[in-house]
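Chains as they are written, first to last, in our numbering: chain U, 2 to 216; chain S, 2 to 216. Glycine included, every Cβ here is placed at the ideal spot set by N, Cα and C. None of these values were measured; they are calculated from a predicted model.
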DNA sequence: CCGCCCTTGTGAAAGGTTTCACAAACCAAG
DNA sequence: CTTGGTTTGTGAAACCTTTCACAAGGGCGG
Ligand SMILES: NC(=O)c1ccc[n+]([C@@H]2O[C@H](COP(=O)([O-])OP(=O)(O)OC[C@H]3O[C@@H](n4cnc5c(N)ncnc54)[C@H](O)[C@@H]3O)[C@@H](O)[C@H]2O)c1
Ligand SMILES: NC(=O)c1ccc[n+]([C@@H]2O[C@H](COP(=O)([O-])OP(=O)(O)OC[C@H]3O[C@@H](n4cnc5c(N)ncnc54)[C@H](O)[C@@H]3O)[C@@H](O)[C@H]2O)c1
């Protein structure tokens, strides 16, 4: 049980949890590994293996208790609490995030927002006062934000990430298309839209090459 | 040479290309696999293996010609052309995308935008007229968009994706937090911010558990 | 209590990706 | 032309993830 868990396992656990919450809302009491597998495109064996890293949650012959597994997965993923986010860069993507109800609904609350633009500092965006960068360190210490969000231009993203880390966040979500290197064990996830589009570009070109010539 | 190429390889090729373009701009002529590896956190062997799936691009003893490899990777990834995107859902995230210069700069042009909101239809966002959904099929046929972008509420995302597919797009980029299943070989990439945050939540909780108890 | 059906949990096998390590190739200098 | 220093391209090994397949356990009807 429980050694190092792969990213793909954790990803799938989140997807299982999503489905379980839907089932819970629908009043379903038990679910089997194969039902759980379907929406994420996994196999039933994979579901069972993923869960087995953390313990034994099912009843043989019956499946898993929906309520029980929801609680267990929330515990495993750290979602039985809520997390506070500090946003840096209230531009196009930063504003979209501030207005996104889907975050708070899942326990991720943006509690502070920062920018360098004098025209924005002091104004309110979705109920949150935009603060100057100079307040970043004390404000994060004060409000206890655990996750920093980088939504600044690419050129300053690395510096902003380093500053967030110094301010004491435990993890960083980055929207700039640049690979930020983790230091001090603070994990960083980058949402890189251009990379996704280039992946699609590859697949479409590949399909064209296969169909187009010979094949 | 060239069988089925893994997603992670394609991902890294994009990152190599990014660095190569920087080097090109800086006037560098040759680059070694180890220099190329650094920014993406790969190893030099990995760089060479990744490239070897597609051919032999380097000169032993010298490294890779920056210009030559840029051309080769653009060809492989399908980036020696530009791609047309059709956006469905001009809300918070859709508007952010429309205003994002980083897409056009890398050869991804949003050429059509659609919504169901009567108040938005007919108005212009970043120079593009917002069209009613009823025009989706003919408009995509006419302008020849290859990639559909789903930026609608989650509840309608699957239906919108299906409609885009019927309209003839070759790939879909989805921002709704839902796993859409590929049909007809049209690849789908989902950008799921909540999933990324939950991954970070897991890592932070895990770190806490390791530090907190015993360890 | 027994026997049947169902589903889990899990070693073992298969499949895939990354790293290792070295011969082959190239350049420059003498 | 030969030698030495450097870096590629690539099989083989190591490592990691997924799938297979089945014994073990649980519920239920009789
Ligand atoms: N807009 C999008 O849809 C989109 C999509 C994908 C990725 N991105 C990436 O997200 C990042 C932000 O993009 P955007 O479109 O929101 O840009 P934007 O220009 O609209 O916003 C950037 C904000 O960051 C602020 N800023 C600049 N330097 C700063 C600093 N040193 N410290 C703090 N704040 C600073 C600016 O004042 C501005 O408010 C970019 O890296 C971009 O590549 C954007
Ligand atoms: N806002 C964010 O920062 C953010 C972040 C991550 C994910 N998302 C996801 O992106 C999606 C859009 O989010 P948003 O915040 O932009 O929402 P939004 O409500 O601001 O925008 C949604 C848009 O879609 C349009 N729409 C609704 N039904 C439609 C249909 N059937 N066909 C075409 N258009 C339709 C609406 O009129 C609206 O303009 C959601 O699935 C959300 O979960 C948003």
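Worksheet item: For residue 117(U), does the three-state DSSP call read helix, strand or coil?
Response: Collapsing the DSSP output to three states places residue 117(U) in coil.
Practice prompt. Please determine, among 177(S), 101(S), 109(S), the residue with the shortest C-alpha to C-alpha distance to residue 104(U).
Written response: For the residues 177(S), 101(S), 109(S), the minimum Cα distance to residue 104(U) belongs to 177(S).
Practice prompt. State the CB to CB distance for the pair residue 58(S) and residue 3(S), rounded to an integer number of angstroms; the pair is presumed to be in contact (CB under 8 angstroms).
Written response: That pair is no contact at about 13 angstroms.
Worksheet item: At a Cβ threshold of 7 angstroms, is residue 97(U) touching chain S?
Response: Yes - at least one Cβ of chain S is within 7 angstroms of the one on residue 97(U).
Worksheet item: Since residue 66(S) is in the beta strand (DSSP E), which residue starts that stretch and which ends it?
Response: It spans 64-66 - the beta strand (DSSP E) in which residue 66(S) sits, taken as one unbroken run.
Worksheet item: Can you list, in chain order, the residues of the region 135-156 of chain U whose Cβ is nearer than 7 angstroms to any Cβ on chain S?
Response: Those would be 147, 148, in chain order.
Practice prompt. May I have the straight-line CA-CA distance separating residue 275(U) from residue 30(S), to the nearest angstrom?
Written response: Within the shown structure, residues of chain U are numbered from 2 to 216, placing residue 275(U) beyond reach of any answer.
Worksheet item: Under a CB-based cut-off of 7 angstroms, is residue 197(U) close to chain S?
Response: True, the Cβ-Cβ gap to chain S drops below 7 angstroms.
Item to complete: Work out the CA separation of residue 135(S) and residue 180(S) for me, nearest whole Å.
Response: Here the C-alpha atom of residue 180(S) lies approximately 25 angstroms from the C-alpha atom of residue 135(S).
Fill in: Within chain U, the residues that residue 172(S) reaches when beta carbons sit closer than 7 angstroms
Per Cβ cutoff of 7 angstroms: 201, 204, 205.
Practice prompt. Could you confirm whether any beta carbon from chain U is found closer than 7 angstroms to the beta carbon of residue 33(S)?
Written response: No, because no Cβ of chain U sits closer than 7 angstroms to the Cβ of residue 33(S).
Worksheet item: For residue 83(S) versus residue 108(S), is the C-beta distance shorter than 7 angstroms?
Response: Result yes, Cβ atoms of residue 83(S) and residue 108(S) sit closer than 7 angstroms.
Discussion item. Does the contact criterion of 3 or more C-beta pairs under 8 angstroms hold for the region 28-43 of chain S versus the region 84-94 of chain S?
Written reply: Between the region 28-43 of chain S and the region 84-94 of chain S there are fewer than three C-beta pairs closer than 8 angstroms, too few to call the two in contact.
Discussion item. Taking DSSP's pairing of strands, which residues face residue 191(U) in a bridge?
Written reply: Partner(s): 175(U).
Fill in: Euclidean distance between Cα positions of residue 163(S) and residue 21(S)
The straight-line gap from Cα to Cα measures roughly 37 angstroms.
Fill in: Beta-carbon separation (whole angstroms), residue 187(U) vs residue 171(U), contact threshold 8 angstroms
With a Cβ gap of about 6 angstroms, residue 187(U) and residue 171(U) count as contacting.
Practice prompt. Put residue 128(U) into one of helix, strand or coil per three-state DSSP.
Written response: Reduced to three states, the DSSP call for residue 128(U) is coil.
Item to complete: Starting from the Cα of residue 128(S), find the closest Cα among 111(S), 116(S), 140(S) and give me that residue.
Response: The shortest Cα separation from residue 128(S) among 111(S), 116(S), 140(S) belongs to 111(S).
Discussion item. Applying the 10 Å Cβ sphere with the 16-neighbour rule, what's the burial state of residue 193(S)?
Written reply: The residue is buried, with at least 16 neighbouring Cβ atoms inside 10 Å.
Item to complete: Taking residue 168(S) and residue 138(S) to be in contact with their CB atoms under 8 angstroms, please state how far apart those CB atoms are, rounded to whole angstroms.
Response: That pair is a contact at about 5 angstroms.
Worksheet item: Would you say residue 39(U) reaches chain S, if we count a Cβ-Cβ gap shorter than 7 angstroms as a contact?
Response: Proximity of residue 39(U) to chain S, defined by a Cβ-Cβ separation below 7 angstroms, is not satisfied.
Item to complete: Using only the heavy atoms of ligand 2, determine whether one of them is closer than 6 angstroms to the beta carbon of residue 176(S).
Response: Yes, Cβ of residue 176(S) sits closer than 6 angstroms to a heavy atom of ligand 2.
Practice prompt. Please classify residue 209(S): does DSSP put it in a helix, a strand, or coil?
Written response: When secondary structure is reduced to three states using DSSP, residue 209(S) falls in the helix class.
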